[in-house]
Amino acid sequence: MRLGVIADDFTGATDIASFLVQNGLPTIQYNGVPESVDSLSARAIVISLKSRSCPPQQAIDQSLAALRWLQQQGCDRFYFKYCSTFDSTAQGNIGPVTDALLAELGESQTVISPSLPVNGRTVYQGYLFVADQLLSESGMRHHPVTPMTDSNLVRLMTRQAQGKAAVINASQLDKGADVVRDQLATLKTQGINYVVLDALHEQHLLTQGEALKEMRLVTGGSGLAIGIARAWSTAQQNAAEAEWAGRPQGQRAVVISGSCSQMTNRQVNTYRQIAPSFEVQVERCLEDAASYADELCDWVAANSQQALAPLLYATADAQQLQAIQQQYGAARSSEAVELLFAAVTRELKARGWQRFIVAGGETSGVVAQTLGVTAFHIGPTISPGVPWVRDIHQPLSLALKSGNFGDEQFFARAQTEFSA
1 MRLGVIADDF TGATDIASFL VQNGLPTIQY NGVPESVDSL SARAIVISLK SRSCPPQQAI
61 DQSLAALRWL QQQGCDRFYF KYCSTFDSTA QGNIGPVTDA LLAELGESQT VISPSLPVNG
121 RTVYQGYLFV ADQLLSESGM RHHPVTPMTD SNLVRLMTRQ AQGKAAVINA SQLDKGADVV
181 RDQLATLKTQ GINYVVLDAL HEQHLLTQGE ALKEMRLVTG GSGLAIGIAR AWSTAQQNAA
241 EAEWAGRPQG QRAVVISGSC SQMTNRQVNT YRQIAPSFEV QVERCLEDAA SYADELCDWV
301 AANSQQALAP LLYATADAQQ LQAIQQQYGA ARSSEAVELL FAAVTRELKA RGWQRFIVAG
361 GETSGVVAQT LGVTAFHIGP TISPGVPWVR DIHQPLSLAL KSGNFGDEQF FARAQTEFSA
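The opening position of the sequence shown corresponds to residue 1 in full-length UniProt numbering, with each subsequent residue numbered one higher.
Below, the structure is given as structure tokens:
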């Protein structure tokens, strides 16, 4: 069997690819739906889209295009990957995309499993927790694009999708994969389309993987990939070989942070104490992005001889972000920063930079697209769900971090523990 993964953003794709490799499935990742195939030796193929926050129909069209391409490559099992905090609105895009994939495959049931216990994402009685807080009481309630004000996955899915949802709880998962399979079959006869799976620890994920290894479509965060990969493969040597192929290369590095998540704020504040840093000003991005980008690149070059790479950041706390959005507009300010980071990335690549450490899903997508990265090997893991990756065609290495992932020392450890 070959697994095809459709991820709704760039860092989410890298996140799940790293767990697949770590748990024995050789994996290749593509940025967008490719026009050709570089290698068919991988057991898993991951396609990263930018479909998390776009209009629902656009997300559906992108996801179906990815599904059809994966089918052409021989994939017969599929995984719709979204964020472990279920980032979405009442309109989508998780529900509409799930419905479209089910219909395309001629299936009527799938699972909802966003849990990633190693990063503090758990589900209990169908409620999603971030560490010891309900999702709706965590920092995600202030997300500028997809504020999460409800923690009940049954309600969230029912609002977005066309079918019915139910829960298989932790006590049933404790009884093993056979019980989970039986429960799924029973719920299917009752017309339940989306089955929310509790998960409090890794063993629950392993049970899920064993129970679901024959299901044509699963959906979830990256944690379920641990169980799926373990159920499919025992060849851990494959993981070591895949990680070696993706080890970082190149001597010139830069850190770029566009995320405004709570963890990225802490990471930026920690890194600023030990490395050169420069705060990006939204007003300058709007006034003259081209000259500002050149100015920032000159600053990076002037500060590139330090022990740790220079940091450019547009990261702000909740109060600062609200003030910026009120002054410049949320969409306008966000687009201006993305365009600036694209210009900076383009110029640094031309000047010989080969290692890019990036925080934020949208920012990571912009950097990868600007660099022309279309496919890469998955390398060693820096933090759970965040590996180094190496471009298949160019001498470029990237560490692409979703906003809330990693610990406070992430930026430094990416360089000191995994030197080129």
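Cβ coordinates follow ideal geometry from the N, Cα and C atoms, glycine included.
field: Rounded Cβ spacing between Tyr271 and Leu340 (contact assumed at less than 8 angstroms)
entry: If you number the sequence shown from 1, residue 271 lands on position 271. If you number the sequence shown from 1, residue 340 lands on position 340. With a Cβ gap of about 20 angstroms, Tyr271 and Leu340 do not count as contacting.
- prompt: Which value, in whole angstroms, describes the spacing of the CA atoms of Pro117 and Cys83?
  reply: The sequence position of residue 117 within the sequence shown is 117, counting from 1. The sequence position of residue 83 within the sequence shown is 83, counting from 1. Rounded to whole angstroms, Pro117 and Cys83 show a C-alpha spacing of 13 angstroms.
query: When the Cα atoms are used, what is the spatial distance from Ser171 to Ser222?
result: Taking the first residue of the sequence shown as 1, we reach residue 171 at position 171. Taking the first residue of the sequence shown as 1, we reach residue 222 at position 222. Whole-angstrom Cα-Cα distance: 22 angstroms.
query: Near Ser115, which residues of its chain fall below 6 angstroms by C-beta distance, leaving aside the five closest residues on each side in sequence?
result: In the sequence shown, residue 115 corresponds to position 115, counting from 1. Same-chain partners within the cutoff: Arg121, Thr122, Val123, Ala199, Gly223.
message: Determine whether the beta carbon atoms of Gly32 and Gly361 lie at a separation below 8 angstroms.
response: Counting from one through the sequence shown, the residue named residue 32 turns up at place 32. Counting from one through the sequence shown, the residue named residue 361 turns up at place 361. The answer is no: Cβ separation not under 8 angstroms.
- request: Please work out which residues of its chain come closer than 6 angstroms, Cβ to Cβ, to Ile226, disregarding the five sequence neighbours upstream and downstream, and give them in chain order.
  value: If you number the sequence shown from 1, residue 226 lands on position 226. Correct list, in chain order: Phe19, Asn23, Leu205.
task: State the Cα-Cα distance for the pair Leu286 and Ala323, rounded to the nearest angstrom.
output: Start at 1 with the first residue of the sequence shown, and residue 286 comes out as number 286. Start at 1 with the first residue of the sequence shown, and residue 323 comes out as number 323. Put simply, the backbone Cα of Leu286 is about 16 angstroms away from that of Ala323.
message: Using a Cβ-Cβ cutoff of less than 7 angstroms, which residues in the same chain neighbour Gln273 once the five nearest sequence positions on both sides are dropped?
response: If you number the sequence shown from 1, residue 273 lands on position 273. So no residue of the chain qualifies.
field: Endpoints, alpha helix (DSSP H) assigned at Ser48
entry: Taking the sequence shown and counting its residues from 1, the one referred to as residue 48 is at position 48. Element bounds for Ser48: not the alpha helix (DSSP H) but the beta strand (DSSP E), 44-48.
- request: Taking 8 angstroms as the cut-off, decide whether the C-beta atoms of Asp62 and Leu49 are in contact.
  value: Here the question's residue 62 lines up with position 62 in the sequence shown. Here the question's residue 49 lines up with position 49 in the sequence shown. A quick correction: the sequence has Gln, not Asp, at residue 62. For Gln62 and Leu49, yes; Cβs fall inside 8 angstroms.
task: For Thr416, count neighbouring Cβ atoms within 10 angstroms of its own Cβ and tell me buried if that reaches 16, exposed if not.
output: For the purposes of this step, residue 416 is taken as residue 416 along the sequence shown, with counting starting at 1. Classification of Thr416: exposed, given that the 10 Å Cβ count is below 16.
- request: Could you pull out every residue in the same chain whose Cβ sits closer than 8 angstroms to the Cβ of residue 422, ignoring the five residues on either side in sequence?
  value: Only positions 1 to 420 of the chain appear in this structure, which leaves residue 422 out of reach.
message: Suppose you measure from the CA of Phe418 to the CA of Val195; what does that come to, to the nearest Å?
response: If you number the sequence shown from 1, residue 418 lands on position 418. If you number the sequence shown from 1, residue 195 lands on position 195. Cα-Cα distance, rounded: 40 angstroms.
message: Tell me which residue opens and which closes the alpha helix (DSSP H) that Asn303 is part of.
response: If you number the sequence shown from 1, residue 303 lands on position 303. It is not in any alpha helix (DSSP H) - Asn303 carries neither H nor E in the DSSP assignment.
message: Quick check: the Cα distance between Gly191 and Lys164, rounded to an integer number of angstroms?
response: On the sequence shown, residue 191 is found 191 positions in, with the first residue counted as 1. On the sequence shown, residue 164 is found 164 positions in, with the first residue counted as 1. In this model, Gly191 and Lys164 are separated by some 7 angstroms (Cα to Cα).
- prompt: Among the residues of its own chain, which have a CB less than 6 angstroms from the CB of Thr374, if the five just before and after it don't count?
  reply: Position 374 of the sequence shown, counting from 1, holds the residue named residue 374. Answer for Thr374: Asn31, listed in chain order.
task: Counting only the same chain and skipping the five closest in sequence on each side, list residues whose C-beta sits under 8 angstroms from that of Pro380.
output: Here residue 380 refers to the residue found at position 380 when the sequence shown is read from its first residue. Only residues of its own chain outside the window of five on either side were considered, and among them Glu243, Gly246, Arg247, Pro387, Trp388, Phe418 have a CB closer than 8 angstroms to the CB of Pro380, listed in chain order.
field: Inter-residue spacing [alpha-carbon to alpha-carbon] between Gln354 and Ile94
entry: Translated into positions along the sequence shown, residue 354 becomes position 354. Translated into positions along the sequence shown, residue 94 becomes position 94. Using only the alpha carbons, I get a separation of about 35 angstroms.
message: Assuming His377 is part of the beta strand (DSSP E), what are its boundary residues?
response: Against the sequence shown, residue 377 aligns to sequence position 377. Counting along the chain, the beta strand (DSSP E) containing His377 begins and ends at 375-383.
field: Nearest-angstrom Cα separation, counted from Ile256 out to Ser51
entry: Residue mapping note: residue 51 aligns to position 51 of the sequence shown, counting from 1. Residue mapping note: residue 256 aligns to position 256 of the sequence shown, counting from 1. In a straight line, the C-alpha of Ser51 is about 22 angstroms away from that of Ile256.
Three-state secondary structure (DSSP) of Asn265: To locate residue 265, count along the sequence shown from 1; it is residue 265. Annotated three-state conformation of Asn265 is helix, per DSSP.
- prompt: Under the three-state reduction of DSSP, which class applies to Asn31: helix, strand or coil?
  reply: As a first step, residue 31 is located in the sequence shown; it is residue number 31 there, counting from the start. Asn31: strand per DSSP, three-state reduction.
message: By the three-class DSSP mapping on this structure, what secondary structure does Tyr328 have?
response: Translated into positions along the sequence shown, residue 328 becomes position 328. DSSP, read as helix, strand or coil, puts Tyr328 in helix.
message: If you follow the alpha helix (DSSP H) that Ser171 is in, where does it begin and where does it stop?
response: Sequence index remark: in the sequence shown, residue 171 carries index 171 (1-based). For Ser171, the enclosing alpha helix (DSSP H) has its first and last residue at 170-173.
- prompt: Looking only at its own chain, which residues have a Cβ that is under 8 angstroms from the Cβ of Thr27, when we skip the five neighbours before and after it?
  reply: Taking the first residue of the sequence shown as 1, we reach residue 27 at position 27. Beyond the five residues adjoining it in sequence on each side, Thr27 comes within less than 8 angstroms, by CB distance, of Ala17, Leu20, Val21, Ala42, Arg43, Ala44, Ile45, Val46, Ala242, Ile378 in the same chain, given in chain order.
query: If Gly258 and Ala314 are in contact, beta carbons under 8 angstroms, what's the gap, nearest whole angstrom?
result: Mapped onto the sequence shown, residue 258 falls at position 258. Mapped onto the sequence shown, residue 314 falls at position 314. Going by Cβ atoms, the distance from Gly258 to Ala314 rounds to 5 angstroms, so yes, they are a contact pair.
task: Report the rounded CA-to-CA distance for Ala275 versus Arg252, giving the unit in angstroms.
output: The residue labelled residue 275 in the question sits at position 275 within the sequence shown. The residue labelled residue 252 in the question sits at position 252 within the sequence shown. Arg252 has its alpha-carbon roughly 15 angstroms from the corresponding atom of Ala275.
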